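*Asks:* Taking the working numbering as reference, the numbering of the sequence shown is continuous, increasing by one, and the terminal residue is 609.
Every residue, glycine too, gets a C-beta built ideally from N, C-alpha and C.
These numbers were taken from a predicted model, which means no experiment stands behind them.
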Amino acid sequence: MEKVNETSKTQTTEAKIYAGIKSEIGTEMKLAEALEATKGTIFNIQHFCIHDGPGIRTNVFVKGCPLRCLWCANPESQMRAPQLMYRKDKCVACGACLTACPRGAIAMGTDVKVHTDRTLCTGCGACVPICPADAREISGYSITAGETFHEVQEDRLFYGDDGGVTITGGEALAQPEFTLALLQLCREDGIPTAIETCGAVSWEVLRRAGELCDVILYDIKHMDDAQHRQGTGQGNTRILENLRHLSRECACDIWVRVPIIPGYNDSEENIRQLSCFVKENLNHCSQVHLLPFHTLGEGKFEELENAPNGFSSHIPSGEHMERLRDIIRSFGIICK
Ligand code: SF4
Ligand code: SF4
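(1) As an exercise, report each continuous alpha helix (DSSP H) stretch of at least 4 residues that is fully enclosed by the stretch 532-566, in chain order.
(2) Leaving aside the five residues before and after residue 325 along the sequence, list all residues of the same chain whose C-beta is less than 8 angstroms from its C-beta, in chain order.
(3) Do you know offhand how far residue 598's Cα is from residue 328's?
(4) For ligand 1, list every residue whose C-beta falls under 6 angstroms from any of its heavy atoms, going in chain order.
(5) By the three-class DSSP mapping on this structure, what secondary structure does residue 413 have?
(6) Which one of 405, 425, 608 and 448 has the shortest CA to CA distance from residue 365?
(7) What residue from 533, 558 and 513 has the CA that sits closest to residue 527's CA?
(8) Quick one: what does DSSP say residue 351 is sitting in, helix, strand or coil?
(9) Taking contact to mean at least 3 C-beta pairs separated by less than 8 angstroms, is the stretch 539-558 in contact with the stretch 598-609?
(10) Using the DSSP secondary-structure output, state which residues sit across from residue 314 in a beta bridge.
(11) Out of curiosity, what's the CA-to-CA distance linking residue 277 and residue 352?
(12) DSSP has residue 529 in a bridge; who is on the other side?
(13) Using DSSP bridges, identify the partner residues of residue 370.
(14) In the structure shown, what three-state DSSP assignment does residue 638 receive?
(15) Which residue comes first and which comes last in the beta strand (DSSP E) that contains residue 332?
(16) Apart from the five residues on each side of it in sequence, which residues of its chain come closer than 8 angstroms, Cβ to Cβ, to residue 539?
(17) Excluding five sequence neighbours on each side, which residues of the same chain lie with their C-beta closer than 8 angstroms to the C-beta of residue 341?
(18) Is residue 409 near ligand 2, in the sense that its beta carbon is under 8 angstroms from a heavy atom of that ligand?
(19) Going along the chain, which unbroken runs of the beta strand (DSSP E) with 3 or more residues stay wholly within the stretch 378-449?
(20) Just mark residue 392 as buried or exposed, buried being the case when its beta carbon has 16 or more other beta carbons within 10 Å.
(21) Skipping 5 residues on each side, what residues in its chain have a beta carbon closer than 6 angstroms to that of residue 608?
(22) Can you give me the Cβ contacts of residue 323 inside the same chain, cut-off strictly under 8 angstroms, excluding the 5 residues immediately before and after it?
(23) Please list the terminal residues of the continuous alpha helix (DSSP H) segment that includes residue 485.
(24) Evaluate residue 582 with the Cβ neighbour count: other Cβ atoms within 10 Å of its Cβ, from every protein chain shown; 16 or more gives buried, anything less gives exposed.
(25) Cα separation between residue 315 and residue 421?
(26) Ignore the nearest five residues each way along the sequence and tell me which others in residue 536's own chain have a CB closer than 7 angstroms to its CB.
(27) Residues in the same chain with beta-carbon distance under 6 angstroms from residue 382, minus the five sequence neighbours each way, listed in chain order, please.
(28) Give a single yes or no on whether residue 363 has its beta carbon closer than 8 angstroms to a heavy atom of ligand 2.
(29) Taking 8 angstroms as the cut-off, is the CB of residue 366 close to at least one heavy atom of ligand 3?
(30) Using the C-alpha atoms, what's the distance from residue 361 back to residue 308?
(31) So, at 6 angstroms on beta carbons, what are the nonlocal neighbours of residue 320 in its own chain, with the 5 sequence-adjacent residues on each side left out?
(32) Could you tell me whether the Cβ atoms of residue 339 and residue 531 are closer together than 9 angstroms?
(33) Just how far apart, CA to CA, sit residue 363 and residue 510?
(34) Consult DSSP for residue 604 and reduce its assignment to one of helix, strand or coil.
(35) Would you mind stating whether residue 447 and residue 336 have Cβ atoms separated by less than 9 angstroms?
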């Protein structure tokens, strides 16, 4: 049900990008006002980031993602709507949230202190302020592109020559209307722009993002289509095709990023195939980054009260990471 809704919403917003906003220009709203008023749902704005693009950056985390990576470090980003997070280690089982919930979604639990029926929960947040133990929190809030832009603007003194804004997620383009509006506002104000994308988006949206970005951080999870589907829920055909198009048709710099997940995509063969793909297809890829798997997302799956997905891996050794980077470097590609 979630997937169907998200797909239809995406089609609606994509259509609006090219028809809705443009039709408003020159009628009742000026372009800047229309862009500023564009709403999105994000779950964080982080300041002074140094790992997601050049220089010092402000990272905006958009909610929603078309993939379901088993190792996801931000599982609260996957759904587009705001979501309840519950920290059972903090909960003192006082029961106050049971009476606060207008949906009757919360009950005293057996395996946890209280249990929230996620099929009933709307993420309304009524149970959050009543909790005396700070055990409940809503991840995700509505904001306009204009409000986000003004928060980004406050950091511009720290950007130096090459810093700027990076829109990530979730998937930066999961809410294309919002992200493209924010990119355009930043671009027109001279703030350097970047997005991080998984590439599982429509080419038209990615192309427009490519025109508005200085850098695109493009994630590739696996070079094998079946393995990609197994780890993320989708094959990689469209993702690789979009990347080829992006390099051919847009002038933005591309940084390819690969999360290295031991036992899934850390074979030398997979990294060799990736290197060949970059070498043969990407004119505008200045560097490849290999990002070692970490376990920071594990607790968040619990906070969302998701059933365990059976996935397990481990942090790769520094030696193995360097061996994989050396393979990429042997193709004449800068790798970090
Ligand atoms: S977020 Fe709202 S619907 Fe969900 S459990 Fe809390 S009070 Fe109930
Ligand atoms: S109000 Fe907070 S501490 Fe009390 S039962 Fe609910 S989650 Fe636990």
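*Replies:* Let me lay it out:
(1) List check, alpha helix (DSSP H) in window: 541-554.
(2) Hits under 8 angstroms: 332, 439, 441, 467, 469 and 490.
(3) Taking the straight line joining both Cα atoms gives about 22 angstroms.
(4) Checking every Cβ against the heavy atoms of ligand 1 under 6 angstroms gives 357, 373, 374, 376, 378, 379, 389, 394, 395, 396, 397, 398, 399 and 400.
(5) Coil.
(6) If you compare the alpha carbons of 405, 425, 608 and 448 with that of residue 365, the shortest gap goes to 405.
(7) Ranked by Cα distance from residue 527, the first of 533, 558 and 513 is 558.
(8) In the structure shown, the three-state DSSP call for residue 351 is coil.
(9) Remark: three or more beta-carbon pairs, one from each stretch, lie closer than 8 angstroms, so the stretch 539-558 and the stretch 598-609 are flagged as touching.
(10) Bridge partners of residue 314 according to DSSP: 415.
(11) A caution first: residue 277 carries a pLDDT of 38, below 50, which makes its placement in the model too unreliable to give a value.
(12) BP columns for residue 529 point to 491 and 561.
(13) Looking at the DSSP output, residue 370 shares a beta bridge with no other residue.
(14) The question about residue 638 has no answer here: the residues shown for the chain are numbered 274 through 609.
(15) Segment 330-335, the beta strand (DSSP E) holding residue 332.
(16) Correct list, in chain order: 533, 589, 593 and 597.
(17) Closer than 8 angstroms at Cβ, skipping near neighbours: 351, 505 and 506.
(18) Yes - ligand 2 has a heavy atom lying nearer than 8 angstroms to the Cβ of residue 409.
(19) Counting only runs of 3 or more, we get 379-381, 387-389, 409-412, 414-417 and 437-441.
(20) Residue 392 is exposed by the Cβ-count criterion.
(21) The answer, listed in chain order, is 561, 598, 601 and 602.
(22) Once the five neighbours on either side are set aside, the close Cβ partners of residue 323 are 329 and 330.
(23) Unbroken alpha helix (DSSP H) run through residue 485: 476-485.
(24) Residue 582 should be labelled exposed.
(25) The C-alpha of residue 421 is placed about 10 angstroms away from the C-alpha of residue 315.
(26) The residues are 586.
(27) Around residue 382: 388.
(28) Checking every heavy atom of ligand 2 against the Cβ of residue 363, one is found closer than 8 angstroms.
(29) The model depicted lacks ligand 3 and carries ligand 1 and ligand 2 instead.
(30) Taking C-alpha positions only, residue 308 is separated from residue 361 by approximately 40 angstroms.
(31) Taking residue 320 as the centre and dropping the five residues before and after it, the same chain places the C-beta of 331 and 428 closer than 6 angstroms to its C-beta, in chain order.
(32) Not in contact: residue 339 and residue 531 (Cβ atoms no closer than 9 angstroms).
(33) Residue 363 and residue 510 have their alpha carbons spaced roughly 44 angstroms apart.
(34) In the structure shown, residue 604 sits in coil (DSSP, three-state: anything other than H, G, I, E or B).
(35) A Cβ-Cβ contact shorter than 9 angstroms links residue 447 with residue 336.
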